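Report on the structure given below.
2 protein chains.
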Amino acid sequence: MTVQTTSYTDLLSASAHQVRAAIRSGSYTGHTSGLAAGKLQCNLAIIPKRYALDFLRFCQRNPKPCPVVGISDTGNPFLPTLGHDIDIRSDVSSYRVFKDGALTEEVADITALWSDDLVTVALGCSFTFENALLSNGIPVRHIETGRNVPMFRTNIDLMPSGPFVGKMVVTMRPIPAQQVEQAREISARYPQAHGAPIAVGDPANLGISDLSKPDWGDSVEVKDGEVPVYWACGVTPQNVLLDAKLPLCITHSPGYMLIADVAEYAETTILPPKN
Amino acid sequence: MTVQTTSYTDLLSASAHQVRAAIRSGSYTGHTSGLAAGKLQCNLAIIPKRYALDFLRFCQRNPKPCPVVGISDTGNPFLPTLGHDIDIRSDVSSYRVFKDGALTEEVADITALWSDDLVTVALGCSFTFENALLSNGIPVRHIETGRNVPMFRTNIDLMPSGPFVGKMVVTMRPIPAQQVEQAREISARYPQAHGAPIAVGDPANLGISDLSKPDWGDSVEVKDGEVPVYWACGVTPQNVLLDAKLPLCITHSPGYMLIADVAEYAETTILPPKN
Numbered sequence: 008m009t010v011q012t013t014s015y016t017d018l019l020s021a022s023a024h025q026v027r028a029a030i031r032s033g034s035y036t037g038h039t040s041g042l043a044a045g046k047l048q049c050n051l052a053i054i055p056k057r058y059a060l061d062f063l064r065f066c067q068r069n070p071k072p073c074p075v076v077g078i079s080d081t082g083n084p085f086l087p088t089l090g091h092d093i094d095i096r097s098d099v100s101s102y103r104v105f106k107d108g109a110l111t112e113e114v115a116d117i118t119a120l121w122s123d124d125l126v127t128v129a130l131g132c133s134f135t136f137e138n139a140l141l142s143n144g145i146p147v148r149h150i151e152t153g154r155n156v157p158m159f160r161t162n163i164d165l166m167p168s169g170p171f172v173g174k175m176v177v178t179m180r181p182i183p184a185q186q187v188e189q190a191r192e193i194s195a196r197y198p199q200a201h202g203a204p205i206a207v208g209d210p211a212n213l214g215i216s217d218l219s220k221p222d223w224g225d226s227v228e229v230k231d232g233e234v235p236v237y238w239a240c241g242v243t244p245q246n247v248l249l250d251a252k253l254p255l256c257i258t259h260s261p262g263y264m265l266i267a268d269v270a271e272y273a274e275t276t277i278l279p280p281k282n
Numbered sequence: 008m009t010v011q012t013t014s015y016t017d018l019l020s021a022s023a024h025q026v027r028a029a030i031r032s033g034s035y036t037g038h039t040s041g042l043a044a045g046k047l048q049c050n051l052a053i054i055p056k057r058y059a060l061d062f063l064r065f066c067q068r069n070p071k072p073c074p075v076v077g078i079s080d081t082g083n084p085f086l087p088t089l090g091h092d093i094d095i096r097s098d099v100s101s102y103r104v105f106k107d108g109a110l111t112e113e114v115a116d117i118t119a120l121w122s123d124d125l126v127t128v129a130l131g132c133s134f135t136f137e138n139a140l141l142s143n144g145i146p147v148r149h150i151e152t153g154r155n156v157p158m159f160r161t162n163i164d165l166m167p168s169g170p171f172v173g174k175m176v177v178t179m180r181p182i183p184a185q186q187v188e189q190a191r192e193i194s195a196r197y198p199q200a201h202g203a204p205i206a207v208g209d210p211a212n213l214g215i216s217d218l219s220k221p222d223w224g225d226s227v228e229v230k231d232g233e234v235p236v237y238w239a240c241g242v243t244p245q246n247v248l249l250d251a252k253l254p255l256c257i258t259h260s261p262g263y264m265l266i267a268d269v270a271e272y273a274e275t276t277i278l279p280p281k282n
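As you go down the protein sequences, you meet chains Y and S in turn. If you're matching positions, the first sequence starts at 8 in this note's numbering and goes up one per residue. If you're matching positions, the second sequence starts at 8 in this note's numbering and goes up one per residue.
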């Protein structure tokens, strides 16, 4: 079978539904940054049902790194509150499969792994507040320079739940000192996307020893007149899930997100039913 | 044993901790409206573990009537993310006990009913945004007139989850026409307390036939120049729980809320751990 290939550029003005269709058919296999502008993009955690209650409690107790935006019924691959036709087995372009805490494969479709025992939890991501910062004239260095956001382990304890425990991961964005308060106010409007910063200023206060050496992502410059600002990061729940060594856990690959039909600035992440 | 009696007036300047202590000891048995000013008050649903995942999914899918602000560990009567010493078996002044969907008793302590199988879910309540409306100069009729807020069944379908299904209940507050937009903006800041209104104006659009005949609470006058404004109501999950006819379900009695140590205007409802 020949699959038509769709390029990133082809999809720049496509709807969320069209991007998902291209991903589902296998014709688009790339990342989702900048696609389906204005729509919510989501981190994914697909886990066995017996861990779902503890994981939802964990997310409720750690809402800044783990904002829940959608939960599937057990064994049901559809997510109608996030999109009318989302099939989580095929609508993400790259998945990571972990068994007992170890990465076993990276795949473009998880239909073969799906079972009646799995629950999908979708979590908000930083794209939402970054778009809001940019549209309010606040620069975002890693986007300007075409890099990945720098991420750091911190010494901040998470609130535990069952097997889920660990330290918070944060992202860092250098913000001009006179715009820090505005950046705080803007991001605070999006609790489904990590909300307000968790800290501003000296990285040592968070147990970060060197801002030029992120634990994940790329280093970015903090220029004169700028202050490092730290937001809770969606890598936090992924680390916690891995440390818990679940027999099976499926996530998206970083940057290859689930695109929802929900508007990223909507009051809730729940799509009204189609009539 | 003689129990010292504490009056409502005695508690008007008491802290959340002091009010809970008076309730726990049995010396205060009244409602909590206006007590521990500035602290979050919560609706309660205490249910067997096997229903907890479906109920949390239900709340996530219906965030306006069912804003989750705290979840206990299974069988653990403490709620450390809401308050450092909350014991849910004794810290609410009046509980309603339902078996198979029928009210069986109203009690001041549920220690005898507690079991390793129970999960407490705390939900935000309208006190938070009502206080914010009042402090911004927007009148709240039922408070001015010493009544209970009028509540109405609507024709709005809830998003189902497992055994939990039904129609949304709303509260109605008459707001001066020129302040409706301001009331919307203010309440939208509190997603943990029902957020922005779900409708404004004609009650027929919600399937409400007569605004002077609420299904619960008291009727209030809509004066010339005022518009009826409808918010999602915390009675919604209580009705849904009763209709699901769980073998056991414990709620607070209306107006007799759990008082948390969390500030009602805090960004999240999660109290930092005590060091």
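Virtual Cβ for every residue (Gly too), placed ideally from N, Cα, C. All values reported here derive from a predicted model rather than from experimental measurement.
Taking the C-beta atoms as reference points, T258 of chain S is found nearer than 8 Å to A52 of chain S.
In this structure Y237 of chain S is buried. Its beta-carbon is surrounded by 16 or more other beta-carbon atoms within 10 angstroms. Here C256 of chain S carries a strand assignment [DSSP, helix/strand/coil]. Judged by DSSP in its simplified three-state form, T12 of chain Y adopts coil rather than helix or strand. In this structure, G214 of chain S lies away from P235 of chain S, with their beta-carbon atoms at least 8 Å apart.
Close to chain S, meaning a Cβ-Cβ distance shorter than 8 Å, are the following residues of the segment 44–72 of chain Y: K56, A59, L60, L63, R64, Q67, R68, N69, P70, K71.
Residue contact check for V75 of chain S against chain Y: a CB pair falls below 8 Å.
Secondary structure in the segment 57–93 of chain Y: the beta strand (DSSP E) runs of 3 residues or longer, each lying completely within the stretch, are 75–78 in chain order.
Inside the segment 119–193 of chain S, DSSP marks whole beta strand (DSSP E) runs of 3 or more residues at positions 125–131, 158–164, 174–183, from first to last along the chain.
Counting C-beta pairs closer than 8 Å gives three or more between the segment 55–74 of chain S and the segment 57–69 of chain Y, which meets the contact rule. For the segment 192–221 of chain S, residues whose beta-carbon sits nearer than 8 Å to a beta-carbon of chain Y comprise A195, P198, G202, A203.
Excluding residues up to 5 positions away in sequence, G33, T36, S100, S101 lie with their Cβ nearer than 7 Å to the Cβ of A115 of chain S in the same chain.
Runs of alpha helix (DSSP H) with 4 or more residues, each lying fully within the segment 25–49 of chain Y, are absent. Closest in C-alpha terms to A251 of chain S, from the list S:F171, S:Q25, S:D80, comes S:F171.
The distance from the Cβ of Q245 of chain Y to that of V76 of chain Y is about 16 Å, inconsistent with a contact at the 8 Å cut-off.
For the segment 250–278 of chain Y, the set of residues with a beta-carbon nearer than 7 Å to any beta-carbon of chain S comprises E274, T275, I277, in chain order. The C-beta of I95 of chain Y comes no closer than 8 Å to any C-beta of chain S. When DSSP states are grouped into helix, strand and coil, T276 of chain S belongs to the coil group. Contacts between T88 of chain S and chain Y, judged by CB atoms closer than 7 Å, involve R68, M166 in chain order. P244 of chain Y: member of the alpha helix (DSSP H) spanning 242–250, first to last residue.
Taken through DSSP and simplified to helix, strand or coil, A23 of chain S comes out as helix.
Inter-segment contact for the segment 185–198 of chain Y and the segment 162–176 of chain Y is absent: fewer than three beta-carbon pairs are separated by less than 8 Å.
For I150 of chain Y, no chain S residue has a Cβ inside 7 Å of its Cβ, as the nearest lies near 25 Å away. CA-CA distance, S122 of chain S to R96 of chain S, rounds to 10 Å.
In the DSSP assignment, E228 of chain Y falls outside any beta strand (DSSP E), carrying neither H nor E. Only residues of its own chain outside the window of five on either side were considered, and among them P210 have a CB closer than 8 Å to the CB of S216 of chain S, listed in chain order.
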